[in-house]
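Residue numbers (UniProt numbering): 1 to 266.
C-beta atoms are modelled at their ideal positions from N, C-alpha and C, and glycine is treated no differently.
What follows is a short report on a single structure.
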Ligand SMILES: NC(=O)c1ccc[n+]([C@@H]2O[C@H](COP(=O)([O-])OP(=O)(O)OC[C@H]3O[C@@H](n4cnc5c(N)ncnc54)[C@H](O)[C@@H]3O)[C@@H](O)[C@H]2O)c1
């Protein structure tokens, strides 16, 4: 292979969960701009329709409306996407939600609503279902197709929260993301012999609807580069992990956080 073809994803069949907005939409743009074929899976129908109609100018894109916490529906949606495109090369398991307050407020005081004893069962279940179990369901639905083809790429959106405990993000989010990061390693180990590579992206703060103005300010203050990421700044990593350039990388966590894990320098 010539080195100029290292990032070639032409014609690849790609699925992106949570693809209607934010980081998922940025992944979609990166794939479409490089001539991959993309199916977005999202539960927000109006954002999905809008994303598909806007992205059509960039390439071959379709949408399937699905709530990724519905396990049967995830399998059906993945099968539908594979029927449409004839195969499945790359899956971004990315959909996720926030988890309410952490145990410290933005002002640095204890927030009773974020304390362990105040976390409601309903919130715990919803966040684990959406941010962890759905990632497993998506992998499980994709694997039979990839095994049949003897190859594929699975890219999980985790978070730096998976490797560093934090005070201002809710407990269930932290724990779900820790699960996602380990899921990347465990799946990579099992699937390596089928030439299916699994890696996790660990974003730090990016400017999406998950980042409220208060969070943004807080993240900027804690960052050595004093800013949060723009969604387009994750596109190079997405293209790298989907393309031949990363053919010897599996079971890895790649942090993309503008140095946030390092903490402030001034
Ligand atoms: N933005 C950040 O700073 C940041 C940092 C670390 C990790 N992440 C992770 O990145 C991923 C994407 O987040 P984002 O910031 O782009 O958020 P976002 O809210 O902008 O986009 C998330 C998308 O997922 C969809 N979605 C949510 N629940 C769903 C469900 N049950 N079924 C189907 N679709 C669903 C939403 O409709 C939306 O289109 C999440 O897993 C999030 O935890 C984000």
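If the five residues before and after residue 262 are omitted, its C-beta is found closer than 7 angstroms to the C-beta atoms of 224, all from its own chain and listed in chain order. Annotation for residue 211: 205, 219, 228 place their beta carbon closer than 8 angstroms to its own, counting only its chain and skipping 5 residues before and after. Residue 74 carries a helical assignment under DSSP once its states are collapsed to helix, strand and coil. The Cβ-Cβ distance between residue 90 and residue 180 does not fall below 8 angstroms. Under the three-pair Cβ rule at 8 angstroms, the stretch 84-102 counts as touching the stretch 131-141. Secondary structure of residue 12 (DSSP, three-state): coil.
Annotated three-state conformation of residue 258 is coil, per DSSP. Pairing residue 213 with residue 191, the inter-Cα distance amounts to about 40 angstroms. Within the same chain, Cβ atoms closer than 8 angstroms to the Cβ of residue 244 are found at 1, 5, 6, 7, 8, the five residues on either side in sequence being excluded. Rounded to whole angstroms, the gap between the alpha carbons of residue 22 and residue 149 is 30 angstroms. Residue 196 places its beta carbon less than 8 angstroms from that of residue 146.
When the alpha-carbon of residue 258 is set against those of 174, 239, 234, 251, the nearest one is in 234. Selection 230, 264, 242, 173 evaluated against residue 256 yields 230 as nearest (Cα-Cα). Shortest Cα-Cα distance from residue 32 to any of 46, 59, 51, 40 involves 59.
Between the beta-carbon of residue 48 and that of residue 29 there is about 15 angstroms, and that puts the pair past the 8 angstroms contact cut. Boundaries of the beta strand (DSSP E) harbouring residue 63: 61-65, taken from the DSSP string. In the DSSP assignment, residue 104 is bridged to 110. Between residue 237 and residue 34, the C-beta spacing is not below 8 angstroms.
For a cut-off of 8 angstroms, the C-beta gap from residue 68 to residue 137 is around 7 angstroms, short enough to register as a contact. In this structure, the straight-line span from the alpha carbon of residue 25 to that of residue 61 is close to 11 angstroms.
The alpha-carbon separation between residue 50 and residue 40 amounts to approximately 12 angstroms.
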